[in-house]
Each structure stands twice: as C-alpha cells, then as structure tokens.
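> Going by the working numbering, the first residue of the sequence shown is number 3, and it counts up by one from there. First the structure, then my questions, so here it is.
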Amino acid sequence: GWEHAFDGGGTLVLNHAQIGALTEQPFIDNNITATGNVLDAAKRAGIPYLVHMSSSVVKSLACDFYTETKKAQEKLVLQSGIPACVLRPTLMYGWFDRKHLGWLARFMHKSPIFPVPGNGRYMRQPLYAGDFCNIIISAVDKPRPNTIYDISGREKVNYIDLIRAVKKASGAKAKIVRIPYG
Numbered sequence: 003g004w005e006h007a008f009d010g011g012g013t014l015v016l017n018h019a020q021i022g023a024l025t026e027q028p029f030i031d032n033n034i035t036a037t038g039n040v041l042d043a044a045k046r047a048g049i050p051y052l053v054h055m056s057s058s059v060v061k062s063l064a065c066d067f068y069t070e071t072k073k074a075q076e077k078l079v080l081q082s083g084i085p086a087c088v089l090r091p092t093l094m095y096g097w098f099d100r101k102h103l104g105w106l107a108r109f110m111h112k113s114p115i116f117p118v119p120g121n122g123r124y125m126r127q128p129l130y131a132g133d134f135c136n137i138i139i140s141a142v143d144k145p146r147p148n149t150i151y152d153i154s155g156r157e158k159v160n161y162i163d164l165i166r167a168v169k170k171a172s173g174a175k176a177k178i179v180r181i182p183y184g
C-alpha cells in the first residue's frame, strides 16, 4: 500500500541510504533494492522530477559495501527515466552525527592516542548538514533536471586542524600523533 503515497505527487526527494553494517546484505537491501522499488512506484505514479542524495564516494577509489552500493543506487536513479538532480555531498557534520566527525570524537574519547597519517596537511571541506538542507530545498524549489552536483563545504581546512578542532569541541583527552608514511 505504500506505493500509492506517490499518487498525485510532485517532486520526490530520495534521501535514504544504509551507511553502516557489518555485512553486505543491508547495503544491497537499502541502497539498491529499496531504491529500485521506490523508483518503480514513482514512475507508475508519474512523478515528474526527483532530487537524489548520492555521495562523493561514487567518485572515490574506495571499494566497500557503502561505496559500491551508492554507485549502483545513483546509476538506478540516472537510468530511471525520471528527470533527476543528483547531489553528491562530501564529509558532512552536524547534530546527531554518528558516522563522520561524531565517530572521530567518540574514538578520541576511547583511545589514549589519535593517529594522523603523514603530516596531516591534506585538505578537507566538511559540509554542515544545515547548509546541505538549504541546497536540497533549492533543488526542489528550482528544478534542475538531468544535473549532477558535487557538494562540499566552502571552508578549506587541513585534516590535522580539523582533528584538533574536533578534539577541542568534544573535550577528548587523546593525544594526536602523526604517523609517518611508509
């Protein structure tokens, strides 16, 4: 019966993903199978446009359950026949962050040291979740069919400086230790 929720609908905001699990199946179920089911229902209902939350990992060299199923999910969206705006956010942070900076903060609280590869001077552009919400709203309000946007935060920060800021904000006691390459 959930499929009828699309009847008479306008823009579909497709924003679901399995972001963590110990086995591959939950990623397949939620990132591929569920997306296929939603897209099929949206097509039957004549949904004219969708905004899809993809991920910057689809362009990375990473090879894990999340990355591979997000690539497949984005491909399903692009091949669905529904005009779509695809948003590929990078590292996000904000309230209730359990995966990215939140995970790093928890790690710092549990470990006496926090290893940083090399000199830590590699650029990051974290994206605040509230800013990303505004981008989603914009993509809904002003449709951009058949477009893909790579989204990152405006502020550039070296990884080690980001780690220092997370440590300070979280009150963690871990010592930040640079680990040489090789």
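All C-beta atoms in this analysis are idealised placements derived from N, C-alpha and C, irrespective of residue type, glycine included.
Express the C-alpha separation of Val88 and Val2 in angstroms, rounding to a whole number.
What is shown of the chain runs 3 to 184, which leaves residue 2 out entirely.
> On the DSSP bridge assignment, give the partners of Asp152 in chain order.
DSSP lists Arg90 as partners of Asp152.
> Using C-beta distances below 7 Å, list every residue in its chain close to Ala47, excluding the 5 sequence neighbours before and after it, in chain order.
Around Ala47: Phe8, Asp9, Gly11.
> Can you name the residues that DSSP bridges to Arg100?
Partner(s): none; Arg100 has no beta bridge.
> Between the Cα of Gly184 and the Cα atoms of Asn136, Pro119, Asp152, which residue gives the shortest distance?
For Gly184, the nearest C-alpha among the options comes from Pro119.
> Could you tell me which residues DSSP pairs with Thr13 in its beta bridges?
Paired residues: Tyr51.
> Can you tell which of Ala44, Glu5, Ala107, Thr92 has the C-alpha that lies nearest to the C-alpha of Lys177?
Out of Ala44, Glu5, Ala107, Thr92, Ala107 has the C-alpha closest to the C-alpha of Lys177.
> Would you list the one or two residues that DSSP bridges to Phe116?
Paired residues: Ile178.
> Please tell me whether Pro85 and Asn136 are closer than 9 Å, where the distance is taken between their beta carbons.
No, the Cβ-Cβ distance between Pro85 and Asn136 is not below 9 Å.
> Going by DSSP in three states, Tyr130 sits in which element: helix, strand or coil?
The answer is strand: DSSP assigns Tyr130 an E or B state.
> Just grab the DSSP bridge partners of Tyr68 for me.
DSSP, once it has assigned bridges, lists no residue as partnering Tyr68.
> Roughly how many angstroms separate the alpha carbons of Lys175 and His111, rounded to a whole number?
Roughly 7 Å separates the two Cα atoms.
> Ordered along the chain, which non-local residues of its own chain (more than five positions away) have a Cβ less than 7 Å from that of Glu70?
So no residue of the chain qualifies.
> Starting from His166, follow the alpha helix (DSSP H) in both directions and report where the run begins and ends.
His is not the amino acid found at residue 166; the sequence shown has Arg there. Segment 161–172, the alpha helix (DSSP H) holding Arg166.
> Which value, in whole angstroms, describes the spacing of the CA atoms of Ile138 and Val168?
About 26 Å.
> Considering only C-alpha positions, which residue in the set Gly132, Ala23, Arg180, Trp4 is nearest to Lys101?
Cα-wise, what sits closest to Lys101 is Ala23.
> Suppose you measure from the CA of Gly132 to the CA of Arg90; what does that come to, to the nearest Å?
Gly132 and Arg90: Cα-Cα distance of roughly 15 Å.
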